[in-house]
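Colleague: Those protein sequence lines, which keep their order, are chains V and R. The first sequence begins at 1 in the UniProt record's numbering and counts up by one. The second sequence begins at 1 in the UniProt record's numbering and counts up by one. Even for Gly, the Cβ is constructed at its ideal location relative to N, Cα and C. Because the structure is a prediction, the values reported are computed rather than measured. Encoded as structure tokens, here's the structure I'll be asking about.
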Amino acid sequence: MSRERAINLLLAGLLLSVPLAALALGELFYITLATRMAILALAAVGLNFALGLGGLVSFGHAAFFGIGGYVAGIFSSHAFNQTPLFSWPFEFFGSDQMPAIWLAAMLISALIALPIGAISLRTAGVYFIMITLAFAQMIYYFAISWPAYGGEDGLSIVVRNGFPGVNTAVPLIFFLVCYVLLLAALALFALVRDSRFGAALQAGRQNETRLAAVGIAPFRIRLAAFTISAAITGLAGALLADLNRFVSPSMLSWQMSGELIVLIILGGTGRLFGPVAGAMLFVLFEFVLGGLTERWQFFLGLILLGVVLFARGGLIGVLAGKARHG
Amino acid sequence: MAEPVLSIRDLRKSFGALKATDGVSLDLRPGEIHALIGPNGAGKTTLIHQIAGGITPDSGEVVFLGEDIGALGVAARARRGLGRSFQISSLAPEFSALRNVMLAVQSRQGSSFRFFRPVMKDRSLTEPAMAMLERTGLAARANVPAAELSHGERRQLEIAIALALGPRAFLLDEPMAGMGPEGSRALTAFLDGLRHEAPILLVEHDMDAVFALADRISVLVYGRVIATGTVDEVRGDAEVRRAYLGERP
Chain V
1 MSRERAINLL
11 LAGLLLSVPL
21 AALALGELFY
31 ITLATRMAIL
41 ALAAVGLNFA
51 LGLGGLVSFG
61 HAAFFGIGGY
71 VAGIFSSHAF
81 NQTPLFSWPF
91 EFFGSDQMPA
101 IWLAAMLISA
111 LIALPIGAIS
121 LRTAGVYFIM
131 ITLAFAQMIY
141 YFAISWPAYG
151 GEDGLSIVVR
161 NGFPGVNTAV
171 PLIFFLVCYV
181 LLLAALALFA
191 LVRDSRFGAA
201 LQAGRQNETR
211 LAAVGIAPFR
221 IRLAAFTISA
231 AITGLAGALL
241 ADLNRFVSPS
251 MLSWQMSGEL
261 IVLIILGGTG
271 RLFGPVAGAM
281 LFVLFEFVLG
291 GLTERWQFFL
301 GLILLGVVLF
311 ARGGLIGVLA
321 GKARHG
Chain R
1 MAEPVLSIRD
11 LRKSFGALKA
21 TDGVSLDLRP
31 GEIHALIGPN
41 GAGKTTLIHQ
51 IAGGITPDSG
61 EVVFLGEDIG
71 ALGVAARARR
81 GLGRSFQISS
91 LAPEFSALRN
101 VMLAVQSRQG
111 SSFRFFRPVM
121 KDRSLTEPAM
131 AMLERTGLAA
141 RANVPAAELS
151 HGERRQLEIA
161 IALALGPRAF
171 LLDEPMAGMG
181 PEGSRALTAF
191 LDGLRHEAPI
201 LLVEHDMDAV
211 FALADRISVL
221 VYGRVIATGT
231 VDEVRGDAEV
241 RRAYLGERP
């Protein structure tokens with residue numbers, strides 16, 4: 001077993017053990033903390049497709065995170081109030097079932113990512129960063145000015161949405177739902193990374209000219225990666241809304257986009273478990289430093305500075321060494 | 001005479017006041033090595049870029065295998081069968097030599113929209129790629145990241161990638177650049193055999209290689225072709241001597 005694989009297993013085990021230990025100690029709050037780690041990790045796994053594999057620094061992934069959140073909020077509010085979400089071509093009353101919400105969150109995120117990507121990917125570098133940011137801000141202000149779903153105040157989910165056969169109101173069960181989805185997304189990431197598509201995507205990050213010269217147009221590959229990336233981040237958004245039983249425009253804010261990038265850099269860009277390591281660290285810092293001082297983000301900034309200056313590969317890079325490509 | 005594989009008609013490209021390509025026409029015929037020589041700044045690389053699709057000409061045609069490919073992008077032209085190597089090695093630096101070649105094999109096989117099967121376990125990718133590395137003498141370095149290869153090895157890898165595309169024509173932009181005399185000789189012998197697989201448009205400064213390899217030579221000066229002909233014809237051309245070989249009349 002390679003060193004990286006051992007570290008990955010350790011991280012997966014650690015994340016799973018937090019809520020179990022919390023349950024044993026009767027400290028239910030820590031289950032919420034671990035759930036938050038898993039959800040942020042999932043969102044960052046999504047971003048890692050675009051940023052880690054494709055080198056596409058999207059500064060607008062909060063858009064998809066928030067869209068996923070709003071899908072959960074809007075679906076459940078219509079299901080709760082029994083008001084139709086739309087009545088043509090058929091009457092649709094939303095849903096309070098997670099599988100339906102997840103599917104919708106992923107589909108809608110992907111559908112919105114498609115035109116955003118198609119336009120943004122005409123540019124590169126700083127322009128790409130700025131255009132993705134601009135799109136996300138448009139959606140942010142749209143949410144703020146849309147009173148039907150709470151506008152600036154956000155939208156509450158009265159009862160956490162359900163999953164067939166289990167009681168999602170139990171914190172540990174909801175954690176396990178999120179955890180399993182995270183593992184599934186990681187498995188997908190590993191498959192895609194090692195596939196033909198992943199080879200083309202990573203080659204495009206390393207050298208776009210080379211990719212085109214062998215006859216593979218970078219644009220379509222990147223657009224597909226951006227869309228997959230958005231769908232997974234959207235799924236994570238739906239879960240976060242269910243965790244907090246609340247969704248607000250802050251999920252769509254540029255700070256959120258920045259946090260997702262920070263998570264990946266902390267953990268290790270392009271590494272399978274980079275987002276997991278990053279999310280665990282981030283939530284831990286938020287909790288520990290946040291308990292010590294209101295200005296915990298100042299110290300997070302210092303840590304990030306350290307990582308960027310001295311440990312480019314993030315936590316996984318420090319522990320497992322440089323990435324190897326076959 | 002056989003139809004030319006690649007045919008450039010009256011190509012023009014200006015950058016501001018600079019006429020980088022000024023009405024260039026030339027043919028690449030089956031089985032030949034057509035060398036393109038000229039002093040620095042003559043517009044050789046700009047011309048190659050216009051053929052490969054990286055630069056759009058202001059006017060003129062690029063006809064490849066009977067089709068006007070002027071509207072196609074770089075990737076589409078490569079898929080049609082234009083195999084190219086770069087003046088300055090352009091590789092995926094983190095990927096091993098093998099994976100660099102596999103990328104070309106993958107492209108040749110068709111779709112890159114396959115998401116699940118691991119490439120390293122796909123023998124339809126690894127075996128042809130390995131064969132190309134063996135042909136170019138890089139087999140022993142297959143698993144070394146491109147960034148860690150020597151300069152000469154990177155030049156060889158460029159050729160291996162171009163070969164793996166199974167191209168109908170090669171565009172080789174100074175393949176000998178920066179290689180030692182021994183490397184140049186080995187590559188000259190290699191290219192000599194390659195012309196029977198697909199004709200080569202060869203930009204090269206190494207005159208020994210050019211005179212040894214070329215069936216025909218075109219001389220490019222200030223964006224214009226001032227002479228095209230066999231080695232002897234070009235060597236004997238008064239204008240070429242004056243403009244390029246540096247001899248006084």
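Using a beta-carbon distance below 8 Å, is R:Ser-112 in contact with chain V?
Modeller: R:Ser-112 counts as touching chain V.
Colleague: Starting from the beta carbon of V:Gly-215, find every residue of chain R whose beta carbon is closer than 7 Å, and list them in chain order.
Modeller: The answer, in chain order, is Ala-75, Ala-78, Arg-79, Ser-107 and Leu-165.
Colleague: Ignoring anything shorter than 3 residues, give me the beta strand (DSSP E) runs that lie fully in the region 54-105 of chain R, in order along the chain.
Modeller: Whole beta strand (DSSP E) segments, 3+ residues: 59-64 and 82-85.
Colleague: Use the C-beta contact count for R:His-196: other C-beta atoms within 10 angstroms, 16 or more gives buried, fewer gives exposed.
Modeller: Answer is exposed; the Cβ neighbour count stays below 16.
Colleague: Is it a yes or a no for the region 214-230 of chain V touching the region 98-112 of chain R, going by three-plus beta-carbon pairs under 8 Å?
Modeller: Output reads yes: the region 98-112 of chain R touches the region 214-230 of chain V.
Colleague: If you draw a straight line from the alpha carbon of V:Met-130 to that of V:Pro-249, how long is it in whole angstroms?
Modeller: Answer to the nearest angstrom: the Cα atoms are 20 Å apart.
Colleague: Excluding five sequence neighbours on each side, which residues of the same chain lie with their C-beta closer than 7 Å to the C-beta of V:Ala-203?
Modeller: Excluding positions up to five away in sequence, the list reads Arg-210 and Leu-211.
Colleague: Go ahead and pull the three-state DSSP assignment for R:Pro-167.
Modeller: In the structure shown, R:Pro-167 sits in coil (DSSP, three-state: anything other than H, G, I, E or B).
Colleague: Which residues, in order along the region 191-207 of chain V, keep a beta-carbon less than 7 Å from a beta-carbon of chain R?
Modeller: Taking 7 Å as the Cβ-Cβ cut-off against chain R, the residues of the region 191-207 of chain V that qualify are Leu-191, Val-192, Asp-194, Ser-195, Arg-196, Phe-197, Ala-199, Ala-200, Ala-203, Gln-206 and Asn-207.
Colleague: Kindly list the residues whose CB is nearer than 7 Å to the CB of R:Val-231, restricted to its own chain and excluding five residues on each side of it in sequence; keep chain order.
Modeller: Contacts found: Phe-211, Ala-214 and Ile-217.
Colleague: Between the C-alpha atoms of V:Phe-273 and V:Val-283, what's the straight-line distance to the nearest angstrom?
Modeller: Between V:Phe-273 and V:Val-283, the C-alpha separation is close to 15 Å.
Colleague: I want to verify the contact list: residues of chain V whose CB lies under 7 Å from the CB of R:Ala-92, in sequence order.
Modeller: In chain order: Ala-203, Gln-206, Asn-207 and Arg-210.
Colleague: Could you check whether the Cβ of V:Ile-264 sits closer than 8 Å to any Cβ belonging to chain R?
Modeller: No - not a single Cβ of chain R is within 8 Å of the one on V:Ile-264.
Colleague: Using a Cβ distance threshold of 8 Å, determine whether the region 55-74 of chain V contacts the region 234-241 of chain V, with at least three qualifying pairs required.
Modeller: Judged by Cβ distances under 8 Å, the region 55-74 of chain V makes contact with the region 234-241 of chain V, as three or more pairs qualify.
Colleague: Which same chain residues, not among the five before or five after R:Pro-199, have their C-beta less than 8 Å away from its C-beta?
Modeller: Around R:Pro-199: Val-5, Leu-6, Leu-28, Arg-29, Pro-30, Gly-31, Glu-32, Ile-33, His-34, Ala-169 and Phe-170.
Colleague: For R:Lys-13, which three-state DSSP category applies?
Modeller: Strand.
Colleague: Can you list the beta strand (DSSP E) stretches of 3 or more residues lying completely in the region 13-48 of chain R, in chain order?
Modeller: List check, beta strand (DSSP E) in window: 18-28 and 33-37.
Colleague: Do R:Asp-58 and R:Lys-13 have their beta-carbon atoms positioned less than 8 Å apart in this structure?
Modeller: Closer than 8 Å, so yes.
Colleague: Counting contacts by CB-CB distance shorter than 8 Å, is V:Ala-224 in contact with chain R?
Modeller: Yes, because at least one Cβ of chain R sits closer than 8 Å to the Cβ of V:Ala-224.
Colleague: Straight-line CA distance for R:Gly-16 to V:Ala-100?
Modeller: Cα to Cα, the separation comes out at about 58 Å.
Colleague: What does V:Ile-221 reach in chain R if we use C-beta pairs closer than 9 Å?
Modeller: By Cβ distance, chain R contributes Ser-112 and Phe-113.
Colleague: Contact defined as beta carbons within less than 8 Å: I believe R:Ser-89 pairs with R:Arg-154. What is the distance between those atoms, to the nearest angstrom?
Modeller: With a Cβ gap of about 4 Å, R:Ser-89 and R:Arg-154 count as contacting.
Colleague: Using a Cβ-Cβ cut-off of 8 Å, state whether R:Leu-194 counts as contacting chain V.
Modeller: Cβ-Cβ to chain V under 8 Å: no for R:Leu-194.
Colleague: Which residue's Cα is closest to the Cα of V:Ala-44: V:Gln-206, V:Leu-186 and V:Thr-123?
Modeller: For V:Ala-44, the nearest C-alpha among the options comes from V:Leu-186.
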